[in-house]
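To start, the structure under review is shown below, and the notes come after it.
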Amino acid sequence: MNLLDRSLSPDSLIFFGLILGRYLLIAGGLYWLFYGFLAERSTRRRVKHWPTWKKSIRSDVGLSIASALVFALLASWLTSTPVLIHTRLYTDVGQYGFFYLIFSFFLILVLQDTSFYFCHRLFHQPWLFRWVHRGHHRSQCPTPWTSFAFDLPEAVMQALLIIGIVFVFPVHVGILLAALVTMTLWSVFNHLGFSLFPDSGVSQWLAQWLIGPQHHLLHHQRYSFHYGLYFTFWDRLLGTQIPASQPQTQRSVRLALLTAAKPLAVRGEER
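Read left to right, the sequence shown gives residues 33 to 303 (our numbering).
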């Protein structure tokens, strides 16, 4: 059964409503909270004081709606009986045990992060950037609305990274859903534009290994760095980590953003 056959099916419409609704609820809710209700009280936690352009937000929302449609079509295709029987999805926890259940969740995150890093880095090559990734970078100072804003090829890639996993090794349905929720929340967090955690030794240490708003904002400013999804491992290993983004304090990160991250105009090629 091909995607065209599934495009107007009830399953596709349901998935589209759920995926789009999730985006609007999480991204819209956090945008209202941080850029509206808590705007004055959270100003000091904002990692970059640039104006948020309505045109960029409209672009982000438009791309996100298109991405939700792509995800819905592929989800409908995956759950159709002729395809589903060939996956390694399962529902009985006892089939592989509780230890494997937890292990598989972290394995998915590692595989996602690895595949995302190399695909993301590839998409920043000048000959590909304008066709597959330019839309996401229209927001140089991203907001929660940017978290789901993908050009069509990138939306397909994002979906296929997850779909491919369920054909390779056993994945519990609940773990797959948990991984999708984690990916959504993490992406919104990375594009939030605010530092949520206090300046402490623990947060400084975590910031060296986990990607957060400061780390990812630098990517939106300097395209040749910071390609990871969850972890800084591949950036550190392959030399795409900006030394200034390894914070000693949250203050030093904000200073680095103000001085080192020169705005880049989004054109047809990478700087």
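Where a beta carbon is used, it is the ideal one built from N, C-alpha and C, also for glycine.
Asked: Three CB pairs or more closer than 8 angstroms across the stretch 49 to 68 and the stretch 142 to 152; Found: no
Asked: Continuous alpha helix (DSSP H) assignments of at least 4 residues falling wholly in the stretch 60 to 147; Found: 86 to 111 and 113 to 116
Asked: Rounded straight-line distance, which links the Cα of Gln273 to that of Pro279; Found: Interpretation of Pro279 is limited by its pLDDT of 46, a score under 50 that renders its predicted location unreliable; no figure is taken from the coordinates.
Asked: Reduced DSSP category for Val203 - H, G, I as helix; E, B as strand; rest coil; Found: strand
Asked: Backbone secondary structure at Leu224 - three-state DSSP; Found: coil
Asked: Touch test, the stretch 118 to 132 against the stretch 186 to 206, Cβ-Cβ under 8 angstroms, three pairs minimum; Found: yes
Asked: Beta carbon of Ile207 nearer than 9 angstroms to that of Ser147; Found: no
Asked: Any non-hydrogen atom of the ligand NAP closer than 8 angstroms to His165 Cβ; Found: Ligands are entirely absent from the displayed structure, and the ligand NAP is therefore not among its contents.
Asked: Beta-carbon proximity of Phe182 to Gly196, cut-off 9 angstroms; Found: no
Asked: Bounding residues of the alpha helix (DSSP H) (the contiguous stretch that carries Pro185); Found: Leu184 to Ile197
Asked: Rounded C-alpha distance that separates Gly49 from Leu65; Found: 23 angstroms
Asked: Whole-number beta carbon distance between Val213 and Pro185, since they are thought to touch under 8 angstroms; Found: Contact flag wrong, Cβ pair sits at about 24 angstroms.
Asked: Where Phe265 sits in the DSSP three-state scheme; Found: helix
Asked: Same chain only: Cβ atoms within 6 angstroms of Tyr128, ignoring 5 sequence neighbours per side; Found: Pro202
Asked: Three-state secondary structure assigned by DSSP to Leu209; Found: helix
Asked: Where Leu56 falls: helix, strand or coil (DSSP); Found: helix
Asked: Residue burial classification, Val337 (beta-carbon count within 10 angstroms, cutoff 16); Found: Since the first residue shown for the chain is 33 and the last is 303, residue 337 is missing from the structure and cannot be characterised.
Asked: As assigned by DSSP and simplified to three states, the class of Leu249; Found: helix
Asked: The stretch 169 to 179 in contact with the stretch 208 to 227 per 3-pair CB rule at 8 angstroms; Found: yes
Asked: Anticipated Cβ contact below 8 angstroms, Ser108 with Phe47, distance rounded; Found: 6 angstroms
Asked: Neighbour-count burial assignment, Ile89, 16 or more Cβ in a 10 Å radius; Found: buried
Asked: Contact set for Trp338: own chain, Cβ-Cβ below 6 angstroms, skip 5 residues either direction; Found: Nothing about residue 338 can be reported from this structure: the residues present for the chain run from 33 to 303 only.
Asked: DSSP-derived helix/strand/coil call for Leu242; Found: strand
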